[in-house]
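J.: Encoded as structure tokens, here's the structure I'll be asking about.
The structure is reproduced here in structure tokens:
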């Protein structure tokens, strides 16, 4: 929805365009534009003594941003706080979306499009997810199994600015194909003498009907002594957020030939709703010491960000047999046979079966960074710097879901309008409010704990030439040692009592109903008040208490005791048929462990030059970066031999192999050579052109490198009349949770820009880019060898992440920015910003796996299903784009700056994009086999997995600030001012069908800011 980058013509205008009422865009050629804040090896600031963070006022900050952009060496866009602690949004993620070429996801996690994130989550740059993050030009990351920060975890109040690099130079740390996001904090020398600032905020969520406080304080001072100039700064921030998201969902459509005579129609197996409440507390602390004496300068910084999240969901979800759904006469059908309006029933199931869950999730994350920098200007020509860093990140999360079950006699849906309507009469509501109709259904828990550390050192040198063409030569080294350890138990779903247990585990109709005194505690009537801002009225449901979901493991043991009690009543005490459906997972099990260590050694050299005497002066830099990466992974391998092949069996020979369960370590060492070139031509005082070329890499996420493999030998046998066994076939397959031998994704990328600066704050910029991608990571099959008992290698076809695809991302950006100074009087304060981004992408597998018809189960080995998607009618989709990439995105902002008033009305929009294939909620194993050559044609036994898409979405934000004097400022901000509803789609052969509608309502923030 918005975007950023270094000196990209379109970038400048675009980001400036969306910078919100409290912030401003600035261009900077280096990870930190302020000399004092720049780490060793970072590019120098654009001008001696310049400091972007001291600029006050939106308009002045935009002017400064444009100047920095125009004079920078490379392509980068920035957002700069126009006052202390005054970035434009409530999270860094939301700040980034203001920048041209940058879009954000609005899901809780990349692999979970079912759950919405009001403040946004992942960041894409020019449609790509391979984004690297830095803090003050140094590595920064969260312990999330990936390589970058959870930007929503970082307090925006601590930031002096945010830079986005789209095409790197050799001196920048490698690892960002999509782009590099650098977060900048202030240093004491950025201010003259003593400086202080206090900010207080209160945010009201209209849907949640709740206020949340925030506040920050900064104190800084400098002293001149006989031992040099000293400075100290401390910055503290605290922020709460209480939001809510209401959702209406429609289940996937199934093809039916038994509803309308002589016609195939498509019917969902139900529609449902849910409400999610999200409470977030974010705390940040930052301190800095700075010293300068003559030609020596040093700084020491300490940064810590803490994030605590509590999330609760009350949801209804359909779980009936899709082929038992009937539709009353008089229904309305769409042009492709899809149900538009009608009443559904399931008489064969005793009603439409639903689950009603209460889900609680907690996450605590922390990132701590310590950095020390020393610079020495040895002479007029030579300067040196060194930089040390230690970073430690931790994350711990627990997710628990407990569900009751209920049957609805009927459900009436109307999908003819912009929002779906679910219609309930008094009888329906009474059934849903009666505990006698509910039973305890299921539980599901998930644990995750991660820790990551990194030690880094870099040393840099610069030699200035006394030459009309050569400017300077830079070179340096960087060494890192990084550890990442993750424990992830996966989602452990277990039934308590379900209708499908009848006749073998439970007596028919014998479920743990809530009107039975033995099972009646732990549930309550939940009302969906203020649903969709009172736009819909949903029935109340009997759902588990929050304490039951949060009471793991004791509450789980109690619930699963219910099923065993009923089983023993049906089968008799002590019956072997009665067992536990739930067993807590052991987090120490090797399959849940991922231990990684990565060491890198990098060297670079970069030459800066300038041909100032040409008719059209040209300057730039050319460089080369060489980096060696060594990865070590601790893992485990399990092998299970076929157990149904006795000695003396005939037929296909079966390799004799003993069972295996052992730890294994893997090492992977590789070198990447990364050239880069950045050129700028000045065609006039206000017109210039840029060209950038670079080779980039993005290393695989640690979550894709888990070294756990499970191999299986399977034999198909027949027992002959004489009692002997004949082996008909033998297969050797397996699944690897990750691949420790993955290579980085590689890119050859080029940028061309044109920049016209026709006023102090006025510009038009255009940028075109192309990224040629190789070794994209997908999940596909590969061959792993394991020796048999005689030492002969046996090939196993294993499904795992591999470097299995290539592709491209190409597009252009256009940005415009202008204040209308030619207008009279107060109208001259108006300004306009606009930017547009177009991105086209394509992915091509090295080994195509497309099949027109679906087959097999929903397993990792079903690569056609996982890569191409399959419909409920057994047909494949294919030709899917790169995930997370919108072809179109634009931002519009109307600005006003005059006297004490500053205001902005901004709109951000992006077109639809692919979220995931085979995600929870839009997959199953009961698809219809329509392959005419299949022996099971017509049966409901095919795994299916729909591609889910985020529909086009736009959001209006606004803000207005008034300065009482040079010190005191008050303001009002609004997010999602027009109460936009976010829509999710599911791709089927009848079209892009509505899957979910998310409403989170407007949010309003009152701010009081005082500087002294």
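In our numbering, the protein residues as written are 726 to 1737. Note that CB positions come from ideal geometry on N, CA and C, so glycine has one too. As the structure is a prediction and not an experimental result, all values here were calculated from the model.
1. Please say whether residue 943 and residue 809 have beta carbons closer to each other than 8 Å?
2. If distances are taken between C-alpha atoms only, which option among 1618, 834, 1598, 1563 comes closest to residue 1556?
3. Near residue 1229, which residues of its chain fall below 8 Å by C-beta distance, leaving aside the five closest residues on each side in sequence?
4. Under the rule that 16 or more other beta-carbon atoms within 10 Å means buried, what is residue 1394, buried or exposed?
5. Please confirm if the stretch 881-894 is in contact with the stretch 830-838, defined as three or more CB-CB distances below 8 Å between the two stretches.
6. Jot down the residue ranges of each uninterrupted beta strand (DSSP E) in the stretch 795-867, minimum 3 residues, whole runs only, in chain order.
7. Should residue 1387 be labelled buried (16 or more other beta-carbon atoms within 10 Å of its own) or exposed?
8. If contacts are defined as beta-carbon pairs under 8 Å, then residue 1464 and residue 1500 qualify, I think. What distance do you get, rounded to the angstrom?
9. Report buried or exposed for residue 1168, applying the criterion of at least 16 other Cβ atoms within 10 angstroms of its Cβ.
10. Mapping DSSP to helix, strand and coil, what is residue 1098?
11. Note down the Cα distance separating residue 900 from residue 1349, rounded to an integer number of angstroms.
12. If you draw a straight line from the C-alpha of residue 888 to the C-alpha of residue 898, how long is it?
13. What does DSSP give as the partner residue(s) for residue 920 in the beta ladder?
14. Should residue 780 go down as buried or exposed, given a rule of 16 or more other Cβ atoms within 10 Å for buried?
15. Out of curiosity, what's the CA-to-CA distance linking residue 1189 and residue 845?
16. What residue does the beta strand (DSSP E) around residue 954 start on, and which one ends it?
17. Would you grab the beta carbon distance between residue 1291 and residue 1231 for me? Rounded to a whole angstrom, and I think it's under 8 Å.
18. Can you name the residues that DSSP bridges to residue 1682?
19. Compute the beta-carbon to beta-carbon distance between residue 914 and residue 852, rounded to the nearest angstrom, for a pair I have assumed lies under 8 Å.
20. What residue range is occupied by the uninterrupted beta strand (DSSP E) comprising residue 1185?
21. Comparing alpha-carbon positions, which option in 1478, 1313, 1391 lies nearest residue 1356?
22. State the beta-bridge partners of residue 1269 as determined by DSSP.
23. Does DSSP put residue 1552 in a helix, a strand or coil?
24. Sorted by chain position, which residues of the same chain lie with C-beta nearer than 6 Å to residue 1333's C-beta, five sequence neighbours on each side aside?
25. Excluding the 5 residues preceding and the 5 following residue 1535 in the sequence, name in chain order all residues of the same chain whose CB lies nearer than 6 Å to its CB.
26. When burial is assigned at 16 or more other CB atoms within 10 Å of the CB, is residue 1717 buried or exposed?
27. Classify residue 785 as helix, strand or coil using the three-state DSSP reduction.
28. Near residue 1698, which residues of its chain fall below 6 Å by C-beta distance, leaving aside the five closest residues on each side in sequence?
29. With respect to the beta strand (DSSP E) encompassing residue 1282, which residues constitute its N-terminal and C-terminal limits?
30. Suppose you measure from the CA of residue 1402 to the CA of residue 1199; what does that come to, to the nearest Å?
31. Hey, residue 1470 and residue 855 are a contact pair by Cβ (cut 8 Å); roughly how many whole angstroms apart?
32. Taking C-alpha atoms, which residue in 1383, 1106, 1323, 1124 lies nearest to residue 1191?
33. Which residue's Cα is closest to the Cα of residue 1627: 1696, 1691, 1635?
34. Using the Cα positions of residue 969 and residue 1206, report the straight-line distance between them to the nearest angstrom.
35. Between the C-alpha atoms of residue 1567 and residue 1605, what's the straight-line distance to the nearest angstrom?
36. Buried or exposed: residue 1311, going by 16 or more other Cβ atoms within 10 Å of its Cβ?
T.: So, to answer that:
1. Position 84 of the chain shown, counting from 1, holds the residue named residue 809. Position 218 of the chain shown, counting from 1, holds the residue named residue 943. Yes, Cβ-Cβ distance for residue 809 and residue 943 is below 8 Å.
2. Position 831 of the chain shown, counting from 1, holds the residue named residue 1556. It is 1618.
3. Reading the chain shown from its first residue, position 504 is the one you call residue 1229. Closer than 8 Å at the Cβ level, and outside the excluded window around residue 1229, lie 1302.
4. Mapped onto the chain shown, residue 1394 falls at position 669. So residue 1394 counts as exposed.
5. no
6. 800-806, 827-829, 832-834, 837-841, 848-850, 856-860
7. Mapped onto the chain shown, residue 1387 falls at position 662. Label assigned to residue 1387: exposed.
8. Along the chain shown, one-based indexing puts residue 1464 at 739. Along the chain shown, one-based indexing puts residue 1500 at 775. With a Cβ gap of about 12 Å, residue 1464 and residue 1500 do not count as contacting.
9. Numbered from its first residue, the chain shown carries residue 1168 at position 443. Flag for residue 1168 reads buried.
10. By one-based count along the chain shown, residue 1098 stands at place 373. DSSP places residue 1098 in strand when its eight states are reduced to three.
11. Here the question's residue 900 lines up with position 175 in the chain shown. Here the question's residue 1349 lines up with position 624 in the chain shown. Straight-line Cα distance between these residues: approximately 15 Å.
12. Against the chain shown, residue 888 aligns to sequence position 163. Against the chain shown, residue 898 aligns to sequence position 173. Whole-angstrom Cα-Cα distance: 14 Å.
13. Taking the first residue of the chain shown as position 1, residue 920 is located at position 195. Paired residues: 945.
14. For the purposes of this step, residue 780 is identified with residue 55 of the chain shown, where counting begins at 1. Bear in mind that a pLDDT of 37 at residue 780, under 50, signals an unreliable position, so the number given afterwards is only what the model happens to contain. Answer is buried; the Cβ neighbour count reaches 16.
15. Numbered from 1 along the chain shown, position 464 holds the residue referred to as residue 1189. Numbered from 1 along the chain shown, position 120 holds the residue referred to as residue 845. Cα to Cα, residue 1189 sits roughly 45 Å from residue 845.
16. Counted from its first residue, the chain shown places residue 954 at position 229. First-last of the beta strand (DSSP E) with residue 954: 953-975.
17. For the purposes of this step, residue 1291 is identified with residue 566 of the chain shown, where counting begins at 1. For the purposes of this step, residue 1231 is identified with residue 506 of the chain shown, where counting begins at 1. That belief holds up - the Cβ atoms of residue 1291 and residue 1231 are roughly 5 Å apart, short of 8 Å.
18. In the chain shown, residue 1682 corresponds to position 957, counting from 1. Its beta-bridge partners are 1631.
19. Position 189 of the chain shown, counting from 1, holds the residue named residue 914. Position 127 of the chain shown, counting from 1, holds the residue named residue 852. In fact, because the Cβ distance is near 39 Å, the residues do not count as touching under 8 Å.
20. The sequence position of residue 1185 within the chain shown is 460, counting from 1. 1163-1189 is the extent of the beta strand (DSSP E) around residue 1185.
21. Counting from 1 along the chain shown, the entry for residue 1356 is found at position 631. Looking at the Cα atoms, 1391 is the closest of the given residues.
22. Working through the chain shown from its first residue, we reach residue 1269 at position 544. Bridge partners of residue 1269: 1248.
23. Residue numbering aside, residue 1552 sits at position 827 when the chain shown is read from its first letter. Helix.
24. Stepping through the chain shown from its first residue, residue 1333 is reached at position 608. Closer than 6 Å at the Cβ level, and outside the excluded window around residue 1333, lie 1196, 1197, 1346.
25. In the chain shown, residue 1535 corresponds to position 810, counting from 1. Cβ within range, chain order: 1495, 1565.
26. Position 992 of the chain shown, counted from the first residue, corresponds to residue 1717. With fewer than 16 Cβ atoms within 10 Å of its Cβ, residue 1717 is classed as exposed.
27. Along the chain shown, read from residue 1 onward, the residue named residue 785 stands at position 60. If DSSP states are grouped into helix, strand and coil, residue 785 belongs with the helices.
28. Numbered from its first residue, the chain shown carries residue 1698 at position 973. The residues are 1684, 1730.
29. Counted from its first residue, the chain shown places residue 1282 at position 557. First-last for residue 1282: 1279-1296, but that is the alpha helix (DSSP H), not the beta strand (DSSP E).
30. The residue you call residue 1402 lines up with position 677 of the chain shown. The residue you call residue 1199 lines up with position 474 of the chain shown. Their Cα atoms are separated by approximately 14 Å.
31. Within the chain shown, residue 1470 is the residue found at index 745, counting from 1. Within the chain shown, residue 855 is the residue found at index 130, counting from 1. About 6 Å; that satisfies the 8 Å criterion.
32. If you number the chain shown from 1, residue 1191 lands on position 466. Nearest of 1383, 1106, 1323, 1124 to residue 1191, Cα basis: 1106.
33. Within the chain shown, numbered from 1, the residue matching residue 1627 stands at position 902. Comparing Cα-Cα distances from residue 1627 to each of 1696, 1691, 1635, the minimum goes to 1696.
34. Along the chain shown, read from residue 1 onward, the residue named residue 969 stands at position 244. Along the chain shown, read from residue 1 onward, the residue named residue 1206 stands at position 481. Whole-angstrom Cα-Cα distance: 41 Å.
35. For the purposes of this step, residue 1567 is taken as residue 842 along the chain shown, with counting starting at 1. For the purposes of this step, residue 1605 is taken as residue 880 along the chain shown, with counting starting at 1. About 8 Å.
36. Working through the chain shown from its first residue, we reach residue 1311 at position 586. Residue 1311 is exposed by the Cβ-count criterion.
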